[in-house]
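Asker: Let me give you the structure first, and then I'll get to my questions.
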Amino acid sequence: MSVTFPHAALRPTIVSRAQWRADETQRDRYAHYADGVTAIFIHHTDTPNGYDCADVPRTLRNLYTGQTHDQQWGDIGYNFLVDRCGTIYEGRAGGADRPVVGSHTIGFNRGTAGIAAIGTFGPGTAVPAPMEHAIAALAAWKLGLRGVDPRSKVRLTSTNDKSRFPKGTSAKFYAISGHRDGYATNCPGEALFARLPAIRKLAAELQDRGPKPPTRVVKLPMTLPGLFSSR
């Protein structure tokens with residue numbers, strides 16, 4: 038029996054793996070699933086910022102190869118990626134609407150989703166408004182599938198001693214947290230980390246939990262010029 042929560046948010050447009058031409062022969066054959074997604078971890082890809090959004094599929098294919106083979110994560114680690122133009126891409130295989138277990142935050146991959154901002158967001162770097170809006174819309178939708186308020190705190194249990202918390206230890210996190218909250222890293226960069234309160238607020242508004250933003254329906258681009266080129 039399906040359950041619909043009162044604060045479900047609209048599903049934003051998501052570019053599928055087939056659309057960005059992921060080579061499905063590279064990854065592990067089977068996806069793994071949790072019972073649901075109750076928290077989001079925000080990342081950055083630590084790649085250059087001055088890219089043409091039409092070239093993002095090629096960037097994704099490069100990340101996919103590196104994380105699948107060099108890092109040996111079996112697939113791209115992030116569940117989703119967002120570019121500076123506000124386009125959302127499906128990352129790890131298994132179904133964008135399902136609680137796929139990724140490889141993005143050591144110790145806290147189960148029951149969470151990893152969203153990576155494509156770029157590097159160190160101190161003083163501007164976070165593009167379309168990217169920020171898309172991250173909020175995606176988080177609102179994923180958390181809304183379980184009725185989770187993006188401004189709330191949730192309790193997660195570490196599954197790996199390499200995280201900030203010993204294996205078996207439970208800790209509270211914001212429902213939208215930064216990678217650094219669970220692992221010793223600078224990710225997602227000082228600038229993006231500083232924007233998380235605003236992202237939580239907007240995500241809550243998109244779930245109708247507070248004052249509505251000026252535009253209720255988030256319209257994200259379905260395609261971009263040259264999106265499906267072979268470059």
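To convert, take the position in the sequence shown, counting from 1, and add 37; that gives our numbering.
Glycine included, every Cβ here is placed at the ideal spot set by N, Cα and C.
#1: Measure the Cβ-Cβ separation of P273 and I51 and say whether it is below 9 Å.
#2: The alpha helix (DSSP H) with A153 in it runs from where to where?
#3: Under 8 Å by Cβ, that's how I've got K199 and G139 pegged, so tell me the actual separation to the nearest angstrom.
#4: Grab me the residues of G114's own chain with a C-beta within less than 6 Å of its C-beta, minus the 5 sequence neighbours each way, in chain order.
#5: Beta-carbon separation of I155 and T84 under 9 Å?
#6: Comparing alpha-carbon positions, which option in F230, T62, Q63 lies nearest G161?
#7: How is L182 classed by DSSP in three states: helix, strand or coil?
#8: Check whether the region 210-224 and the region 57-70 are in contact - that is, three or more C-beta pairs closer than 8 Å.
#9: By alpha-carbon positions, which one of G219, D186, A240 ends up nearest to T196?
#10: Measure the Cβ-Cβ separation of P49 and L175 and say whether it is below 9 Å.
#11: Secondary structure at L272, three-state DSSP: helix, strand or coil?
#12: Short of 8 Å in beta carbon distance, which residues of its chain neighbour H44, apart from the five on each side in sequence? Order them along the chain.
#13: What's the gap between the Cα of A71 and the Cα of A171?
#14: Bridge partners of S214, per DSSP?
#15: Is S195 near the ligand MG - that is, is its Cβ less than 8 Å away from at least one heavy atom of it?
#16: Quick check: L118 and G128, are their CB atoms within less than 9 Å of each other?
#17: Comparing C-alpha positions only, which one of L100, H81, F42, Y88 sits nearest to R64?
#18: Between A273 and A76, is the Cβ-Cβ spacing less than 9 Å?
Answerer: A quick look at the data gives this:
#1: Since the first and last residues shown for the chain are 38 and 268, residue 273 lies out of range.
#2: Numbered from 1 along the sequence shown, position 116 holds the residue referred to as residue 153. Premise fails: A153 lies in the beta strand (DSSP E), 149-154, not in any alpha helix (DSSP H).
#3: Sequence index remark: in the sequence shown, residue 199 carries index 162 (1-based). Sequence index remark: in the sequence shown, residue 139 carries index 102 (1-based). At roughly 16 Å, the Cβ-Cβ gap does not stay under 8 Å, so K199 and G139 are not in contact.
#4: Locating residue 114 in the sequence shown gives position 77, counting from the first residue. If we look at G114 and ignore the five residues flanking it on each side, its Cβ neighbours are Q104, G139, S140, H141.
#5: As a position in the sequence shown, residue 155 is number 118, starting the count at 1. As a position in the sequence shown, residue 84 is number 47, starting the count at 1. Result yes, Cβ atoms of I155 and T84 sit closer than 9 Å.
#6: Here residue 161 refers to the residue found at position 124 of the sequence shown. Ranking F230, T62, Q63 by Cα distance to G161 puts F230 first.
#7: For the purposes of this step, residue 182 is taken as residue 145 along the sequence shown, with counting starting at 1. L182 falls in the coil class under three-state DSSP.
#8: no
#9: As a first step, residue 196 is located in the sequence shown; it is residue number 159 there, counting from the start. Closest option to T196, Cα to Cα, is G219.
#10: In the sequence shown, the residue the question calls residue 49 occupies position 12. In the sequence shown, the residue the question calls residue 175 occupies position 138. Yes, Cβ-Cβ distance for P49 and L175 is below 9 Å.
#11: This structure cannot speak to residue 272, because the chain is shown only from 38 to 268.
#12: Residue 44 sits at position 7 when you count from the first residue of the sequence shown. Excluding sequence neighbours, H44 sits near G181, G184, D186, Q244, D245, R246.
#13: Within the sequence shown, the letter at position 34 stands for residue 71. Within the sequence shown, the letter at position 134 stands for residue 171. Approximately 24 Å, taken between the alpha carbons.
#14: Taking the sequence shown and counting its residues from 1, one reaches residue 214 at position 177. Paired residue(s): F78.
#15: Although the ligand MG was asked about, the structure shown includes no ligands whatsoever.
#16: On the sequence shown, residue 118 is found 81 positions in, with the first residue counted as 1. On the sequence shown, residue 128 is found 91 positions in, with the first residue counted as 1. A contact, by the Cβ cut-off of 9 Å.
#17: Here residue 64 refers to the residue found at position 27 when the sequence shown is read from its first residue. Minimum Cα distance to R64 is reached at L100.
#18: Since the first residue of the chain shown is 38 and the last is 268, residue 273 is not available in this structure.
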